[in-house]
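Undergrad: Okay, handing you the structure first.
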Amino acid sequence: MPYKNKKAYIIDDEEAIRILLSAILNKSEIKTENHNQINGAVEKAENFQADVIFLDLSLKDGSGFSIINDLKHVSPRSEIVIISAHTGKSEQQHAKELGVNYFLHKPLNKKSIFETLEEIFK
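The opening position of the sequence shown corresponds to residue 610 in the working numbering, with each subsequent residue numbered one higher.
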């Protein structure tokens, strides 16, 4: 399903994840931007105004949890999707308390990415 005029912002310190996710999204006409750390991520989110933000929890300079509220403040229409190898019950509960309802477990797969996008953009 093409998502023309949609934008996604990827915050992950693994270059391979950023490249893979960008390639998958770009094929569906989703414009992407990415960032590899917490430092500077919120400012870039404010400038880009994505429809969806893919956020890794384990970044080299801290936890993705630490910027969720700031991301929601500067880009209020963005849905946040947690992408992590650690999406257990405690992480999901903490994310839900911060208003995040979407989770993708690493390694990512195309099917789960598109199921999540369909849920967000329905």
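Each residue gets a CB set at the ideal place from its N, CA and C atoms; glycine is no exception.
Leaving out five residues on either side along the sequence, give the residues of the same chain with a beta carbon under 6 angstroms from the beta carbon of residue 688.
TA: Start at 1 with the first residue of the sequence shown, and residue 688 comes out as number 79. The answer, listed in chain order, is 661 and 729.
Undergrad: Residue 673: buried (16+ other C-beta within 10 angstroms of its C-beta) or exposed?
TA: As a working note, residue 673 is residue 64 in the sequence shown. That one is buried.
Undergrad: Please list the segments of the alpha helix (DSSP H) lying wholly inside the stretch 628–705, counting only runs of 4 or more residues, in order along the chain.
TA: DSSP runs (the alpha helix (DSSP H)) wholly in the stretch 628–705: 650–657 and 677–683.
Undergrad: Only counting the same chain, and skipping five residues up and downstream in sequence, which positions put a Cβ closer than 8 angstroms to that of residue 648?
TA: Numbered from 1 along the sequence shown, position 39 holds the residue referred to as residue 648. Same-chain partners within the cutoff: 670.
Undergrad: According to DSSP, residue 618 sits in a beta bridge with which residue or residues?
TA: The count along the sequence shown starts at 1 and reaches residue 618 at position 9. In the DSSP output, where bridge partners are listed per residue, residue 618 has 642 and 662.
Undergrad: Tell me, please, whether the stretch 692–701 touches the stretch 651–658 by the rule of three or more beta-carbon pairs shorter than 8 angstroms.
TA: The stretch 692–701 vs the stretch 651–658: no contact.
Undergrad: Under the three-state reduction of DSSP, which class applies to residue 707: helix, strand or coil?
TA: Counting from 1 along the sequence shown, the entry for residue 707 is found at position 98. Of the three classes helix, strand and coil, the one that applies to residue 707 here is coil, per DSSP.
Undergrad: With DSSP run on the structure shown, which of helix, strand or coil describes residue 726?
TA: Along the sequence shown, read from residue 1 onward, the residue named residue 726 stands at position 117. Reduced to three states, the DSSP call for residue 726 is helix.
Undergrad: Suppose you measure from the CA of residue 641 to the CA of residue 666; what does that come to, to the nearest Å?
TA: As a working note, residue 641 is residue 32 in the sequence shown. As a working note, residue 666 is residue 57 in the sequence shown. Approximately 19 angstroms between the Cα atoms of the pair.
Undergrad: What is the rounded straight-line gap between the Cα of residue 691 and the Cα of residue 711?
TA: Position 82 of the sequence shown, counted from the first residue, corresponds to residue 691. Position 102 of the sequence shown, counted from the first residue, corresponds to residue 711. So the alpha carbons of these two residues sit roughly 6 angstroms apart.
Undergrad: Just mark residue 682 as buried or exposed, buried being the case when its beta carbon has 16 or more other beta carbons within 10 Å.
TA: Numbered from 1 along the sequence shown, position 73 holds the residue referred to as residue 682. Residue 682 comes out exposed.
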